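A.B. asks:
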Amino acid sequence: MTLKQVQEGIVNSQVWKSVFRVGIPNTNRKRVLAVLGSLILHLHPVKVRRSGVRMSYTWCMGGTSFFLFLVETVTGLLLMFYYRPTIEYAFTDIMDLREQAPFGIMREMHRWGAHAMVIAVWLHMFRVFMTGSYKPPREFNWNVGVILLVLTLLLSFTGYLLPWDQLAIWAITVGSNMARATPGAGNEGPMSALIKLGDVPLIHAGDDARFGLIGGRSIGAATLLRFYVLHCMVIPLAAGFLMAIHFWRVRKDGGISGPM
Amino acid sequence: MTFLKNFINVLSVASISFIFLSATFAFIVYFCLLDGKVKSKAGVAFIIVGLILATAGLWFLPMFYLSIAYFLSLWGLATLGPRLWDSKTGLWLLIAGAGGFGLSLLDSNFKLIAAKPDNVPIGAMIFLLGIFTWIALRKAYLNDRQIAAGGMTFEKTETNEKLFVWPDLVYTEMLCMIALTIVMIIWSVALRAPLEEAANPTSSPNPAKAPWYFLGLQEMLVYFDPWLAGVVLPTLIIVGLMAIPYIDTNPKGNGYYSFRERKWEIGVFLYGFLVLWSFLIITGTFLRGPNWNFFGPFEFWDPNKLEPLVNVDLSELIWVKALSMPLPKLWIIREAFGLGLILLYLGLAPAAAKGPFRRFYLKMGAPRYYVGAYLFLVMLALPIKMVLRWIFNLKYIVHIQEIFFNI
Ligand code: HEM
Chain A
28 MTLKQVQEGI
38 VNSQVWKSVF
48 RVGIPNTNRK
58 RVLAVLGSLI
68 LHLHPVKVRR
78 SGVRMSYTWC
88 MGGTSFFLFL
98 VETVTGLLLM
108 FYYRPTIEYA
118 FTDIMDLREQ
128 APFGIMREMH
138 RWGAHAMVIA
148 VWLHMFRVFM
158 TGSYKPPREF
168 NWNVGVILLV
178 LTLLLSFTGY
188 LLPWDQLAIW
198 AITVGSNMAR
208 ATPGAGNEGP
218 MSALIKLGDV
228 PLIHAGDDAR
238 FGLIGGRSIG
248 AATLLRFYVL
258 HCMVIPLAAG
268 FLMAIHFWRV
278 RKDGGISGPM
Chain B
32 MTFLKNFINV
42 LSVASISFIF
52 LSATFAFIVY
62 FCLLDGKVKS
72 KAGVAFIIVG
82 LILATAGLWF
92 LPMFYLSIAY
102 FLSLWGLATL
112 GPRLWDSKTG
122 LWLLIAGAGG
132 FGLSLLDSNF
142 KLIAAKPDNV
152 PIGAMIFLLG
162 IFTWIALRKA
172 YLNDRQIAAG
182 GMTFEKTETN
192 EKLFVWPDLV
202 YTEMLCMIAL
212 TIVMIIWSVA
222 LRAPLEEAAN
232 PTSSPNPAKA
242 PWYFLGLQEM
252 LVYFDPWLAG
262 VVLPTLIIVG
272 LMAIPYIDTN
282 PKGNGYYSFR
292 ERKWEIGVFL
302 YGFLVLWSFL
312 IITGTFLRGP
322 NWNFFGPFEF
332 WDPNKLEPLV
342 NVDLSELIWV
352 KALSMPLPKL
362 WIIREAFGLG
372 LILLYLGLAP
382 AAAKGPFRRF
392 YLKMGAPRYY
402 VGAYLFLVML
412 ALPIKMVLRW
422 IFNLKYIVHI
432 QEIFFNI
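Chains A and B, in that order, give the protein sequences.
Straight run, no breaks: the first sequence in our numbering ends on number 287.
Straight run, no breaks: the second sequence in our numbering ends on number 438.
So this is what it looks like as structure tokens:
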């Protein structure tokens with residue numbers, strides 16, 4: 028049997044055909060059908076502008092951001108198998124993961140992937156700006172992008188606390204201290220002192236913006252649980268949803284931008 | 032060697048490096064993107080500024096270092112001109128950057144900070160920013176030249192050419208994914224994720240730093256109070272980004288790289304993104320040590336380093352130093368000068384609409400113009416406050432402790 032016969036045998040088998048409906052896309056018709064007939068591939072149009080495919084045009088940074096999001100999802104799920112978000116266990120679980128888990132690079136990959144995603148999203152925004160792709164008709168998609176950027180930063184911020192080591196709590200302490208200074212809503216914010224009922228101040232350390240963010244007067248068990256839920260459920264779902272809109276709009280706005 | 036390290040240490044002090052970066056930014060725009068010449072009004076202005084810096088160096092040595100770096104950069108970029116965008120020049124710059132970084136790693140103080148696991152991605156980011164800025168501006172310059180010659184931009188020449196997603200796009204994506212997977216695996220095997228001691232709310236590390244992407248905001252705390260640096264300014268950054276497509280009504284430059292058709296937009300964006308945002312993050316990450324003191328890249332992070340706090344408020348400068356009077360008790364009188372200054376600053380927008388920027392005002396209409404102008408003024412407030420701090424040790428322009436309202 029030659030290699031070609033093996034290949035044909037596989038491609039013509041019932042199993043293969045049941046999965047890939049059009050066979051090897053070796054004619055233009057089949058190329059079209061291959062993209063249209065697949066849930067994942069049909070995120071794309073059938074044909075694209077040549078400059079939109081060029082790495083030198085898009086730098087592939089939107090795709091990289093998305094890919095890193097997927098990497099974070101997969102590695103994050105694996106980390107969830109080992110990690111319990113309570114003050115007793117959080118740190119020791121990470122220690123265990125480090126010492127015991129075989130082939131333990133999931134935490135590494137999750138952390139470096141997070142850093143890389145932030146950088147990729149910045150570079151993507153930079154590219155979109157430099158090609159003027161926020162101009163009509165893509166204004167709305169630029170705005171979806173800005174929200175995605177904020178969500179990416181929040182994802183990374185909430186994740187930073189979870190290892191519950193010195194690095195984690197102090198970084199979050201510094202980061203969330205700023206909320207104390209929210210004008211009119213933080214207990215050390217400008218104008219907040221003016222909001223009072225008779226002599227009773229309405230904005231104080233027990234109810235201000237920072238308290239709402241970290242669920243207490245200082246970083247503690249409540250913060251850990253809160254950040255865990257935000258990090259593993261709320262923000263990823265929101266980001267995933269917005270990404271779907273983002274990709275949909277890329278197509279509806281006429282595909283990747285090009286000169287009119 | 033020691034001299035060179037000292038030179039770099041001094042040069043990276045926030046005030047010095049910020050001026051140097053801003054100047055280099057201006058040189059690149061003028062000489063390399065707009066084909067400017069030294070023998071022109073702007074060229075003469077650049078040289079005069081350099082001479083002023085050099086003169087200041089007679090009293091304050093770092094300024095002298097700055098003027099050396101300033102003239103080197105001016106000379107280099109003016110001689111290169113648009114040749115900065117040749118692939119060869121780009122390659123040499125990259126080699127020089129990577130080589131300089133590699134050599135610096137031989138220094139133990141440098142290595143201690145630059146090779147910290149969490150700092151590695153930020154080091155990589157510096158290179159990525161440099162590379163991608165170069166690529167974008169190179170493509171913009173080449174297109175600008177085509178347009179000036181009456182030709183088509185590179186993107187336009189292929190705009191009608193359509194490719195099948197399968198195989199062209201799908202394969203590119205797959206190759207990218209494979210390459211990224213390899214990078215992620217190597218990176219994860221080579222560099223362990225940091226894990227310090229278990230959380231201890233009673234012992235705070237020194238320095239306590241926010242996650243790296245917020246270090247620009249933390250660095251802003253040096254110049255502004257938390258309500259501005261941590262809340263209002265970040266909010267305005269987001270609002271500003273979202274407003275961009277609605278403020279910018281220039282129809283040109285949509286879907287291709289260009290510079291000349293969008294000088295102002297790109298200039299402002301790059302200044303904000305590279306010179307302000309990225310600069311502050313890099314300073315906050317690599318150059319801020321214990322007590323948030325400044326340390327040069329080759330300096331040892333000495334926790335006992337003392338930096339005298341000599342900052343004074345505008346009210347004190349005026350009432351006590353200039354008028355030799357005690358500070359008035361009532362804040363509205365005490366802060367009258369500061370508040371007046373702020374109002375004047377905010378008045379710049381309507382004033383410019385009548386004066387030098389009337390053209391923009393008419394073209395954009397009032398709402399666009401004012402939103403854009405105020406966002407711009409807020410952005411510019413940061414470098415202005417930084418420079419005021421460096422020159423006058425100015426702490427607050429307005430200081431109303433009574434209601435935590437300090438600017
Ligand atoms: C998690 C974050 C993000 C993901 C996964 C993402 C993904 C993508 C992808 C895959 C594309 C297709 C073209 C390309 O790869 O360049 C794209 C296009 C686009 N993105 Fe994003 N993006 C994100 C964040 C942003 C941000 C922060 C902005 C802007 C502030 C933005 C604005 C846009 C715009 C305007 C387009 C259309 C570009 C064009 O037509 O040339 N996106 N995005």
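Just so you know, even glycine gets a beta-carbon here, dropped at the ideal spot from N, CA and C.
Because the structure is a prediction, the values reported are computed rather than measured.
1) Is residue 278 of chain B near residue 399 of chain B, with beta carbons less than 8 Å apart?
2) Quick check: the region 61-73 of chain B against the region 90-109 of chain B, are there 3 or more CB pairs under 8 Å?
3) Is the shortest distance between the beta-carbon of residue 151 of chain A and the beta-carbons of chain B less than 8 Å?
4) In three-state terms, what does DSSP make of residue 265 of chain B?
5) Whose Cβ in chain B lies nearer than 9 Å to the Cβ of residue 125 of chain A?
6) Throw me the rounded Cβ distance for the residue 109 of chain A and residue 117 of chain A pair, which I believe falls under 8 Å.
7) Starting from residue 195 of chain B, trace the beta strand (DSSP E) both ways and give me its first and last residue.
8) Could you please give me the residues that DSSP links to residue 228 of chain A through a beta bridge?
9) From this set, B:394, B:348 and B:210, which residue's C-alpha is nearest residue 87 of chain A's C-alpha?
10) Okay, do the region 36-54 of chain B and the region 282-292 of chain B touch, 3+ Cβ pairs below 8 Å being the bar?
11) Would you mind stating whether residue 410 of chain B and residue 254 of chain B have Cβ atoms separated by less than 8 Å?
12) Do you know offhand how far residue 137 of chain B's Cα is from residue 32 of chain B's?
13) Kindly indicate the opening and closing residues of the beta strand (DSSP E) around residue 74 of chain A.
14) Does the beta carbon of residue 256 of chain B come closer than 8 Å to any beta carbon on chain A?
15) Residue 28 of chain A CB to nearest chain B CB: under 8 Å?
16) Assign residue 281 of chain B to one of three DSSP states: helix, strand, or coil.
17) Return the chain-ordered list of same chain residues with a C-beta closer than 7 Å to the C-beta of residue 48 of chain A, the five sequence neighbours on each side being excluded.
18) If we define contact as Cβ-Cβ less than 8 Å, is residue 223 of chain A a contact residue for chain B?
19) Considering only C-alpha positions, which residue in the set A:168, A:259, A:84 and A:79 is nearest to residue 107 of chain A?
20) Does the beta carbon of residue 273 of chain A fall short of 7 Å from some heavy atom of the ligand HEM?
21) Straight-line CA distance for residue 163 of chain B to residue 273 of chain B?
22) When DSSP labels each residue in this structure, what does residue 42 of chain B get in the three-state scheme?
23) How close, in whole Å, do the beta carbons of residue 222 of chain A and residue 211 of chain A come, if the pair is a contact with beta carbons under 8 Å?
24) Counting contacts by CB-CB distance shorter than 8 Å, is residue 409 of chain B in contact with chain A?
25) Got a sec: is the Cβ-Cβ distance from residue 207 of chain B to anything in chain A below 8 Å?
26) I'd like to know if residue 323 of chain B contacts chain A, where contact means its C-beta is closer than 8 Å to some C-beta of that chain.
27) Can you give the Cα-Cα distance for residue 332 of chain B and residue 195 of chain A, rounded to whole angstroms?
28) Any heavy atom of the ligand HEM closer than 7 Å to the Cβ of residue 176 of chain A?
29) With three or more C-beta pairs closer than 8 Å as the rule, is the region 76-94 of chain A touching the region 139-151 of chain A?
30) Is the CB of residue 176 of chain B under 8 Å away from at least one CB in chain A?
31) Below 7 Å CB to CB, which residues in the same chain sit around residue 316 of chain B once its five sequence neighbours on both sides are set aside?
32) Check whether the region 49-64 of chain B and the region 92-103 of chain B are in contact - that is, three or more C-beta pairs closer than 8 Å.
C.D. replies: Checking against the coordinates, here is how it stands:
1) It is a contact, given that the beta carbons lie within the stated cut-off.
2) The region 61-73 of chain B makes contact with the region 90-109 of chain B; the number of CB pairs closer than 8 Å reaches 3 or more.
3) No - not a single Cβ of chain B is within 8 Å of the one on residue 151 of chain A.
4) Correct three-state label for residue 265 of chain B: helix.
5) Result: 223, 224 and 226.
6) Contact doesn't hold; Cβ gap of about 11 Å is too wide.
7) Counting along the chain, the beta strand (DSSP E) containing residue 195 of chain B begins and ends at 193-195.
8) BP columns for residue 228 of chain A point to A:223.
9) Among B:394, B:348 and B:210, the Cα nearest to that of residue 87 of chain A belongs to B:210.
10) Short answer: they don't touch.
11) Not in contact: residue 410 of chain B and residue 254 of chain B (Cβ atoms no closer than 8 Å).
12) C-alpha of residue 137 of chain B to C-alpha of residue 32 of chain B: approximately 12 Å in a straight line.
13) It spans 74-76 - the beta strand (DSSP E) in which residue 74 of chain A sits, taken as one unbroken run.
14) Yes, because at least one Cβ of chain A sits closer than 8 Å to the Cβ of residue 256 of chain B.
15) Cβ-Cβ to chain B under 8 Å: no for residue 28 of chain A.
16) In the three-state DSSP reduction, residue 281 of chain B falls in the coil class, being neither helix nor strand.
17) Same-chain partners within the cutoff: 64.
18) Residue 223 of chain A is outside the set of residues whose beta carbon lies under 8 Å from a beta carbon in chain B.
19) Comparing alpha-carbon positions, the option among A:168, A:259, A:84 and A:79 lying closest to residue 107 of chain A turns out to be A:259.
20) Look at residue 273 of chain A: its beta carbon is less than 7 Å from one of the heavy atoms in the ligand HEM.
21) The straight-line gap from Cα to Cα measures roughly 23 Å.
22) Of the three classes helix, strand and coil, the one that applies to residue 42 of chain B here is helix, per DSSP.
23) Contact holds; Cβ gap of about 7 Å.
24) No, its Cβ sits nowhere closer than 8 Å to a Cβ of chain A.
25) Residue 207 of chain B has a beta carbon lying within less than 8 Å of a beta carbon in chain A.
26) Chain A, which has no Cβ nearer than 8 Å to the Cβ of residue 323 of chain B, makes this no.
27) Going by C-alpha positions, residue 332 of chain B is about 21 Å away from residue 195 of chain A.
28) Look at residue 176 of chain A: its beta carbon is less than 7 Å from one of the heavy atoms in the ligand HEM.
29) Between the region 139-151 of chain A and the region 76-94 of chain A, the count of Cβ pairs shorter than 8 Å is three or higher; the stretches touch.
30) Cβ-Cβ to chain A under 8 Å: no for residue 176 of chain B.
31) Around residue 316 of chain B: 150, 153, 243 and 246.
32) Yes: the two stretches touch, three or more of their Cβ pairs being nearer than 8 Å.
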